[in-house]
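Trainee: Submitted below is the structure of interest, expressed as structure tokens.
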Amino acid sequence: MEFQILVSTVRDRIQGVQKIIDSLNGIECVSFIVVQQLLDLGDTPELVEQRNNLLKINQSKLKVIVDDGIGLTRSRNIAIKHSTSKYLIIADDDIYYDKNCFLNLLSFIERNPDSDVIISRVRSPGGKPHKKYSNKQELLSKIAAISVSSVEIILKREKDSDLSYRFDESFGLGTNLPACEELLFISALLDLKKKIVYFPEYLVVHPEDSSGKLMVNDKELAARGAAFNKVFHFGFVFVLAFWVKNFLFKNKKNKFKKLVSLYNGFINVRKD
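Here it is as structure tokens:
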């Protein structure tokens, strides 16, 4: 049973990758693919040195891919394209793993050999859950996919030509629709009848101050509206429900401007 951790990072944030590697130290079935994006700013001697130091320390279990471009989903797709293991774990550069939970994951996979995708849980370093998690065993609906985060996703890759494992590069950080790529990704897998199960343990440790943030700027809200349009037959119902829940009855400024941003994303996105 082989795993590859697919880490997306940018420029000198690659220095945070060692913490991820160290968190799974001693687990021989794990290797790492790191995509370092240069954000169209070019390479520097300092970045080259940081990469070389990381490779020197970790040698055969690490591969670093340098990408001149921009975009988190682009980075994810590059990592998936270069992967070779059966199991792929999506990662960011500011997380690390609970080693005991990872060992439990191995047993969980053995008990669930027919699962195609596994959704784990995220907690803060102090043990606080990232959000409220489902107690169900299987993810069956696109509504449930709304709450999935990328770093919770574990993929089983059956074959090299499995084109289902691809993020929509119109969405995600670094694009004009900088959110909701997970909803589109999981929804596409549900359309392909992939079996998606929940691993009910807190595998991922993520800084508490970056969790639980509501999307409020215009681009993030437009991404939400666009994603609802692409995923759901009655997507505007979800736009209204999201707005009512998060803005209408709460003491927040510019609540009707928020609805306009959601609507603009909804009407302007291509559904192909």
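So for the sequence shown, the numbering used here puts the first residue at 60; every next one is plus one. Where a beta carbon is used, it is the ideal one built from N, C-alpha and C, also for glycine.
1. Over the uninterrupted beta strand (DSSP E) stretch that includes D126, give me the two end residues.
2. Figure out for me which residue from S183, G186, P184, I178 has the closest Cα to the Cα of S193.
3. How big is the Cα-Cα spacing for N323 and E240?
4. Per DSSP, what are the beta-bridge partners of F91 in this structure?
5. For the 8 Å Cβ check, are there 3 or more pairs between the region 250 to 269 and the region 300 to 311?
6. Can you give me the start and stop residues for the beta strand (DSSP E) that A150 sits inside?
7. Spatial neighbours of S183 within its chain, please: C-beta separation below 6 Å, excluding the five flanking residues on both sides.
8. Which residue spans inside the region 255 to 293 form an unbroken alpha helix (DSSP H) run of at least 4?
9. Drop a sphere of 10 angstroms on the beta-carbon of E279, count the other beta-carbons inside from all chains shown, and report buried for 16 or more, exposed for fewer.
10. Determine, using beta carbons only, whether Q74 and Q109 come nearer to each other than 8 Å.
11. Since K253 is in the alpha helix (DSSP H), which residue starts that stretch and which ends it?
12. Using DSSP with H/G/I as helix, E/B as strand and the rest coil, what is E108?
13. Out of N276, F91, D151, state which residue places its alpha-carbon closest to the alpha-carbon of T143.
14. If you draw a straight line from the C-alpha of D59 to the C-alpha of I129, how long is it?
15. Hey, V263 and V210: beta-carbon distance below 8 Å or not?
16. Based on Cα-Cα distance, which residue from H265, S166, D126 lies nearest to Q96?
17. In the DSSP assignment, find the unbroken alpha helix (DSSP H) run with V319 in it and report its ends.
18. Please report the straight-line C-alpha distance between V176 and E260, rounded to a whole angstrom.
19. Rounded to a whole number of angstroms, what is the C-alpha to C-alpha distance between G85 and A204?
20. Could you tell me the alpha carbon to alpha carbon distance between Y257 and V328, rounded to whole angstroms?
21. Is it right to say K289 is buried, meaning 16 or more other beta carbons lie within 10 angstroms of its own, or is it exposed?
22. So is R133 buried or exposed if we call it buried at 16+ other beta carbons inside 10 Å?
23. For chain C, is any of its Cβ atoms less than 8 Å away from the one on I129?
24. Could you spell out where the beta strand (DSSP E) holding L83 opens and where it closes?
Mentor: In terms of the structure at hand:
1. The sequence position of residue 126 within the sequence shown is 67, counting from 1. Element bounds for D126: 121 to 126.
2. For the purposes of this step, residue 193 is taken as residue 134 along the sequence shown, with counting starting at 1. Ranking the options by Cα distance to S193, first place goes to I178.
3. Within the sequence shown, numbered from 1, the residue matching residue 323 stands at position 264. Within the sequence shown, numbered from 1, the residue matching residue 240 stands at position 181. Each residue's Cα considered, the two are about 18 Å apart.
4. Mapped onto the sequence shown, residue 91 falls at position 32. Per DSSP, I64, L121.
5. no
6. Along the sequence shown, one-based indexing puts residue 150 at 91. Counting along the chain, the beta strand (DSSP E) containing A150 begins and ends at 146 to 151.
7. Here the question's residue 183 lines up with position 124 in the sequence shown. Closer than 6 Å at the Cβ level, and outside the excluded window around S183, lie E267.
8. 277 to 290
9. Taking the sequence shown and counting its residues from 1, the one referred to as residue 279 is at position 220. Buried: at least 16 other Cβ atoms inside 10 Å.
10. Start at 1 with the first residue of the sequence shown, and residue 74 comes out as number 15. Start at 1 with the first residue of the sequence shown, and residue 109 comes out as number 50. Contact: yes.
11. Here residue 253 refers to the residue found at position 194 when the sequence shown is read from its first residue. Segment: none, K253 is in no alpha helix (DSSP H) and carries neither H nor E.
12. For the purposes of this step, residue 108 is identified with residue 49 of the sequence shown, where counting begins at 1. Three-state result, E108: helix.
13. Your numbering for residue 143 matches position 84 in the sequence shown. Among N276, F91, D151, the Cα nearest to that of T143 is on F91.
14. Because the chain is modelled from 60 through 331, residue 59 falls outside the range shown and cannot be assessed.
15. For the purposes of this step, residue 263 is identified with residue 204 of the sequence shown, where counting begins at 1. For the purposes of this step, residue 210 is identified with residue 151 of the sequence shown, where counting begins at 1. Yes; because the gap between Cβ atoms is below 8 Å, this pair is in contact.
16. As a position in the sequence shown, residue 96 is number 37, starting the count at 1. Closest by alpha carbon: D126.
17. Counting from one through the sequence shown, the residue named residue 319 turns up at place 260. Element bounds for V319: 314 to 327.
18. Residue numbering aside, residue 176 sits at position 117 when the sequence shown is read from its first letter. Residue numbering aside, residue 260 sits at position 201 when the sequence shown is read from its first letter. Near 15 Å, if we compare the C-alpha coordinates of E260 and V176.
19. By one-based count along the sequence shown, residue 85 stands at place 26. By one-based count along the sequence shown, residue 204 stands at place 145. Using only the alpha carbons, I get a separation of about 33 Å.
20. Within the sequence shown, the letter at position 198 stands for residue 257. Within the sequence shown, the letter at position 269 stands for residue 328. The alpha-carbon atoms of Y257 and V328 are separated by roughly 31 Å.
21. Locating residue 289 in the sequence shown gives position 230, counting from the first residue. Under this definition K289 is a buried residue.
22. Start at 1 with the first residue of the sequence shown, and residue 133 comes out as number 74. Classification for R133: buried.
23. In the displayed structure, chain C is absent; only one protein chain is listed.
24. To locate residue 83, count along the sequence shown from 1; it is residue 24. Note, L83: premise wrong, no beta strand (DSSP E); not H, not E.
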